[in-house]
Ligand SMILES: [Zn+2]
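Residue numbers (the working numbering): 661 to 790.
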């Protein structure tokens, strides 16, 4: 089973060049995961964000419109982790980078979806559409 999981990770995050072609990332080795000695093309935080994007429909279908509240919390946490590291106040860990990225990635697309639906309803009310 571990072998299958490693094969999956290598196919998605190591051999897949589409990710690094369209997603800009610093790719620092000390901030990236490795599997079988091979570095992911994305750092731990970006790996979490991408993973969260793919799983984000789960967040929307379980949280509904409450996802906007969770997005604000997750955005504050990822900003806190990222900026305190950027300002050299502390050093984050790869697992923390991944988890903050994952929580952001899980909630951000759903947040955008909820906002777009609200804008659509506002426009619909303004023009009296049925
Ligand atoms: Zn990155």
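From the three backbone atoms N, C-alpha and C, an ideal C-beta is built for every residue, glycine too. Quick caveat: nothing in here was measured; it's all calculated off a predicted structure.
Presumed contact (8 Å Cβ cut-off) between residue i and residue j, rounded CB distance
i: residue 711; j: residue 788; result: About 43 Å; that fails the 8 Å criterion.
i: residue 702; j: residue 679; result: 6 Å
Sequence-distant residues of the same chain with beta carbon closer than 8 Å to residue i, five excluded per side
i: residue 727; result: 719, 720, 767, 770, 771 and 774
i: residue 688; result: 703
i: residue 686; result: 703
i: residue 751; result: 745
i: residue 666; result: 695 and 696
i: residue 670; result: 695, 696 and 698
Within 7 Å, strictly: CB atoms of residue i and residue j
i: residue 742; j: residue 709; result: no
i: residue 763; j: residue 734; result: yes
i: residue 673; j: residue 700; result: yes
i: residue 704; j: residue 696; result: no
Per DSSP, the bridge partner or partners of residue i
i: residue 695; result: 698
i: residue 786; result: Its beta-bridge partners do not exist; DSSP assigns none.
i: residue 703; result: 692
Chain-order list of residues whose beta-carbon lies under 7 Å from that of residue i (same chain, five-residue window excluded)
i: residue 759; result: 708
i: residue 713; result: 765 and 769
request  = Under 6 Å from any heavy atom of ligand 1, by CB: list those residues in chain order, please.
outcome  = This selection yields 685, 686, 702, 703, 705 and 706.
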